[in-house]
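Residue numbers (our numbering): 512 to 699.
Positions of the beta carbon are idealized from the N, C-alpha and C atoms, including for glycine.
Quick notes on the structure that follows.
The following block contains the structure:
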């Protein structure tokens with residue numbers, strides 16, 4: 512069965528907006544209490560987006576289990592990455608994957624969750640309650656700040672605050688330089 516590609520593209524846009532804490536149709540910022548701002552729900556939305564992107568890349572078909580194994584991520588290709596701007600981890604990893612997929616569509620993609628797990632395990636990030644936002648958030652530690660990771664407080668339309676994590680040029684290079692170690696950790 513082939514899924515409607517137009518509906519699939521719209522669904523991906525809506526899921527992406529939800530992942531960013533925005534209303535799926537109107538692209539306006541959601542309130543802090545909204546369930547979509549829960550970190551577990553956000554991770555789930557990114558997972559759903561990844562599945563939908565996979566179906567889209569497969570022209571609307573659900574990919575059947577491959578008999579051939581995916582090839583390891585080509586680490587030398589990371590040297591070709593060019594910094595453009597500070598990014599969220601999901602966008603940064605998506606750019607790395609796209610760079611590698613251009614040279615070989617049969618590679619094992621990097622999972623942003625693996626990068627976050629490694630950063631948390633190595634004390635660059637931590638989860639804690641942020642009074643200013645009145646919610647659990649991912650917070651950059653002093654060690655994380657030293658490598659170029661930083662938090663930024665954003666303000667929603669309703670004047671409520673929320674915290675985001677951004678990766679500057681140094682942080683992106685740091686992650687690229689540690690990618691082999693990052694990919695060695697066990698999946699969650």
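{"Item": "Using the rule of at least 16 other Cβ atoms within 10 Å of the residue's Cβ for burial, across every protein chain shown, is residue 648 buried or exposed?", "Value": "buried"}
{"Item": "Skipping 5 residues on each side, what residues in its chain have a beta carbon closer than 6 Å to that of residue 644?", "Value": "672, 673 and 674"}
{"Item": "To the nearest angstrom, how far is the alpha carbon of residue 662 from that of residue 682?", "Value": "12 Å"}
{"Item": "Please return the same chain residues whose Cβ sits closer than 8 Å to the Cβ of residue 651, not counting the five positions on each side in sequence.", "Value": "635, 636, 660, 661, 662 and 676"}
{"Item": "How many Å lie between residue 527 and residue 534 at the Cα?", "Value": "10 Å"}
{"Item": "Between residue 585 and residue 565, which are expected to be in contact by the criterion C-beta below 8 Å, what is the C-beta distance as a whole number of angstroms?", "Value": "Their Cβ separation, rounded to whole angstroms, is 20 Å, which puts residue 585 and residue 565 out of contact at 8 Å."}
{"Item": "Unbroken alpha helix (DSSP H) runs of length 4 or more, entirely within the segment 519 to 597: which are they?", "Value": "550 to 568"}
{"Item": "Under the DSSP definition of a beta bridge, which residues are partnered with residue 635?", "Value": "DSSP lists no partner for residue 635."}
{"Item": "Below 7 Å CB to CB, which residues in the same chain sit around residue 539 once its five sequence neighbours on both sides are set aside?", "Value": "533 and 668"}
{"Item": "Measure the C-alpha to C-alpha separation of residue 559 and residue 523 and round it to an integer number of angstroms.", "Value": "9 Å"}
{"Item": "Quick one: residues in its chain with C-beta nearer than 7 Å to the C-beta of residue 589, no 5 flanking neighbours on either side, listed in chain order?", "Value": "607, 687 and 690"}
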